[in-house]
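Listed in order, the protein sequences are those of chains A and B. Each residue of the first sequence is one higher than the one before, starting from 1 at the first, in the working numbering. Each residue of the second sequence is one higher than the one before, starting from 312 at the first, in the working numbering. Think of the CB as a built atom: it goes at the ideal place given N, C-alpha and C, for glycine as much as any other residue. Model, not experiment: these values are computed from the prediction. Heads up: the structure comes next, in structure tokens.
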Amino acid sequence: MNPVFVIAQEHVPAATDAFNAGELIMGHVSNSSLAHPLIHLPTMMGIDFSVTKHVFMIWLVAASLFVGLTALVRRAIRQPASIPGGSMNVLELVVEFVRDGIVIPSIGPKWAPTWTPLLLTVFVFILGSNLIGLFPIFDVLGLLSHYVFHFSDQSFLGKVIHGGTTPTGNFNVTAALAVVTFGAIILAGSMAHGFVQHWKNLVPKGMPAAIYPLLIPLEIMGMLVRPFALTMRLAANMTGGHIAILAILSLVFVLTEMMHTAVAGVGIGLVFSMPLAVAISALEIIVVLVQAYVFTLLSAVFIGMAIHAHH
Amino acid sequence: MGEAAGTAAVWQYAGAAIGMGLAVIGAGIGIGKLAAGVADGVARQPSAHSQISAATNLPLFLLEGVAILALVFCLLIVLLK
Numbered sequence: 001m002n003p004v005f006v007i008a009q010e011h012v013p014a015a016t017d018a019f020n021a022g023e024l025i026m027g028h029v030s031n032s033s034l035a036h037p038l039i040h041l042p043t044m045m046g047i048d049f050s051v052t053k054h055v056f057m058i059w060l061v062a063a064s065l066f067v068g069l070t071a072l073v074r075r076a077i078r079q080p081a082s083i084p085g086g087s088m089n090v091l092e093l094v095v096e097f098v099r100d101g102i103v104i105p106s107i108g109p110k111w112a113p114t115w116t117p118l119l120l121t122v123f124v125f126i127l128g129s130n131l132i133g134l135f136p137i138f139d140v141l142g143l144l145s146h147y148v149f150h151f152s153d154q155s156f157l158g159k160v161i162h163g164g165t166t167p168t169g170n171f172n173v174t175a176a177l178a179v180v181t182f183g184a185i186i187l188a189g190s191m192a193h194g195f196v197q198h199w200k201n202l203v204p205k206g207m208p209a210a211i212y213p214l215l216i217p218l219e220i221m222g223m224l225v226r227p228f229a230l231t232m233r234l235a236a237n238m239t240g241g242h243i244a245i246l247a248i249l250s251l252v253f254v255l256t257e258m259m260h261t262a263v264a265g266v267g268i269g270l271v272f273s274m275p276l277a278v279a280i281s282a283l284e285i286i287v288v289l290v291q292a293y294v295f296t297l298l299s300a301v302f303i304g305m306a307i308h309a310h311h
Numbered sequence: 312m313g314e315a316a317g318t319a320a321v322w323q324y325a326g327a328a329i330g331m332g333l334a335v336i337g338a339g340i341g342i343g344k345l346a347a348g349v350a351d352g353v354a355r356q357p358s359a360h361s362q363i364s365a366a367t368n369l370p371l372f373l374l375e376g377v378a379i380l381a382l383v384f385c386l387l388i389v390l391l392k
């Protein structure tokens, strides 16, 4: 046997122990595999209903938003005369921002009452899902588990600590949201002009007949590209921040391994990684707000385009 | 892994990296021109500031969407071997 090959084989165990930044990042960003879900549920109609960590995070966001906002609004309704205070003020700010800042300018005052509830729901849900990725709740839980509680890997809590990512960083979640927008665009056009007229409106009238074979496929493609772009924009933005922060923090361990001394790693951590990671986290707060705004704004603009088809 | 497969993987990474750079150059030029236009417009007509920035938002986000799509496809080149 080739001596080089023997040496390479002897080094294999050491190589698997080495720090792998790519594996760490993908493990944090991607969904848990279907083989190890948080809660095992049976397969129905060929669909595995097991709860993975992103599904768990969606439920967490939806449940906390539903309970929190319902409690807030019910309390406000019980005392209708009083001036809204505290968190109710913030909620009214959000509602007015979506209605006056997004829906009315792009859809118009006539159809705004029809579409504000949907777009408000989308905005609040995306904002909540984006924000929950910024809170390191489950990473703190993981630290506690490592040093204090020692959850077993099989228990529910032991599986949950691998979670705690942004659910909107999953392309499937944003694809579902974009499908809702896609349906809303068609529904809006149908409600405003009738079902058949909506499809006719997609193509401008009064063109030379020779252009139509070129124009119709183009318009159909444009119709499908819009939700696709919505999907990619939100998910890629949400995943990108996590990848950037983890890659920069991974430099600490990569340099420690390369230089064979912890001083190099700690040094680069203090001088470069930590300040940059903090700066990116601050940038992420803006990105989180902007992406929720963008998704809602573009949905509103597309719905408005279906309603105000001036051709 | 054979020699040919190794070279192919290297080209794959190189292609993804070059594509990423081109996408970022394009997006940078686009956002730069947009920001220059906004600054120009606001300097000429400070009272129209809110209208100008409102009209800037939509093309800015569409531009960002295109750039992000390009980056996602670069990522797919690396991930889908």
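(request) Mind checking who A:Ile39 pairs with in its DSSP beta bridge? (result) A:Val51
(request) For chain B, find out if any of its Cβ atoms is closer than 7 Å to the Cβ of A:Met207; answer yes or no. (result) no
(message) Looking only at its chain, what residues have a beta carbon closer than 7 Å to the beta carbon of B:Val349, apart from the 5 residues adjacent to it on each side?
(response) Ile363, Ser364 and Thr367
(request) Quick one: residues in its chain with C-beta nearer than 7 Å to the C-beta of A:Ala175, no 5 flanking neighbours on either side, listed in chain order? (result) Thr231
(message) Using a 10 Å radius around the Cβ and a threshold of 16 neighbouring Cβ atoms, would you call A:Glu23 buried or exposed?
(response) exposed
(request) Inspect the CB distances between the region 367-378 of chain B and the region 285-304 of chain A and report whether three or more fall short of 8 Å. (result) yes
(request) Anything in chain A within Cβ reach of B:Ile379, meaning under 7 Å, just list it in chain order. (result) Met232, Arg233, Ala236 and Asn237
(request) Would you give the residue range spanned by the alpha helix (DSSP H) that A:Gly189 belongs to? (result) Phe171 to His193
(request) Would you check if the distance between the CB atom of A:Ala300 and the CB atom of A:Leu119 is smaller than 7 Å? (result) yes
(request) Report yes if the CB atom of A:Ile169 is closer than 7 Å to the CB atom of A:Ala235, and no otherwise. (result) The sequence given here places Gly at residue 169 of chain A; Ile does not occur at that position. Contact: yes.
(request) Sort A:Gly189, A:Leu141 and A:Leu214 by Cα distance to A:Gly201 and report the nearest one. (result) Checking the displayed sequence, the identity of residue 201 of chain A turns out to be Asn instead of Gly. Ranking A:Gly189, A:Leu141 and A:Leu214 by Cα distance to A:Asn201 puts A:Gly189 first.
(request) Go to A:Asn31, then tell me how far its alpha helix (DSSP H) extends in each direction, as first and last residue. (result) From DSSP, A:Asn31 is part of no alpha helix (DSSP H); its letter is neither H nor E.
(message) Below 9 Å on C-beta distance, what does B:Val353 contact in chain A?
(response) Simply none; closest approach about 19 Å.
(message) Between which two residues does the alpha helix (DSSP H) holding A:Gly304 run?
(response) Met274 to Ile307
(request) Quick one: list the residues of chain B neighbouring A:Ala229, beta-carbon separation under 9 Å, in chain order. (result) Leu373, Gly376, Val377, Ile379 and Leu380
(request) Flag this pair as yes or no: are the beta carbons of A:Ser281 and A:Leu251 separated by less than 7 Å? (result) no
(request) Can you grab the Cα-Cα spacing for the pair A:Gly128 / A:Val122, in whole Å? (result) 10 Å
(request) Taking 7 Å as the cut-off, decide whether the C-beta atoms of A:Ile58 and A:Pro167 are in contact. (result) yes
(request) Check the C-beta distance from A:Ala71 over to A:Met88 and give it rounded, since I have them as a contact under 8 Å. (result) About 11 Å separates the two Cβ atoms, so there is no contact after all.
(message) Run through chain B and tell me which residues come within less than 7 Å of A:Val294, C-beta to C-beta.
(response) Phe372
(request) Measure the C-alpha to C-alpha separation of A:Arg74 and A:Leu91 and round it to an integer number of angstroms. (result) 13 Å
(request) Let me know the secondary structure DSSP gives B:Leu391 once reduced to three states. (result) coil
(message) At a CB distance below 8 Å, what residues from the region 336-369 of chain B approach chain A? Give them in sequence order.
(response) Ala365, Asn368 and Leu369
(request) Compare the C-beta of B:Val383 against all C-beta atoms of chain A and say whether one is closer than 7 Å. (result) yes
(message) Tell me the rounded alpha-carbon separation between A:Met207 and A:Val55.
(response) 48 Å
(message) By alpha-carbon positions, which one of A:His28, A:Ala306 and A:Met45 ends up nearest to A:Phe195?
(response) A:Ala306
(message) Considering only the alpha carbon of each residue, which of A:Glu257, A:Ala309 and A:Asp139 lies closest to A:Phe19?
(response) A:Glu257
(message) Comparing C-alpha positions only, which one of A:Ala112, A:Ile211, A:Gly240 and A:Ala192 sits nearest to A:Ser30?
(response) A:Gly240
(message) For a contact defined as C-beta to C-beta under 8 Å, what are the partners of A:Leu283 on chain B?
(response) Those do not exist, as A:Leu283 stays about 14 Å from chain B at its closest Cβ, beyond 8 Å.
(message) Here's a check: name, in chain order, each residue in its chain whose Cβ is nearer than 6 Å to the Cβ of A:Ser106, leaving out the five neighbours to either side.
(response) Ala300, Val301 and Gly304
(message) Could you tell me the alpha carbon to alpha carbon distance between A:Ala192 and A:Ala21, rounded to whole angstroms?
(response) 52 Å
(message) Between A:Ile243 and A:Ile25, how many whole angstroms is the CB-CB distance? I'm expecting something under 8 Å.
(response) 6 Å
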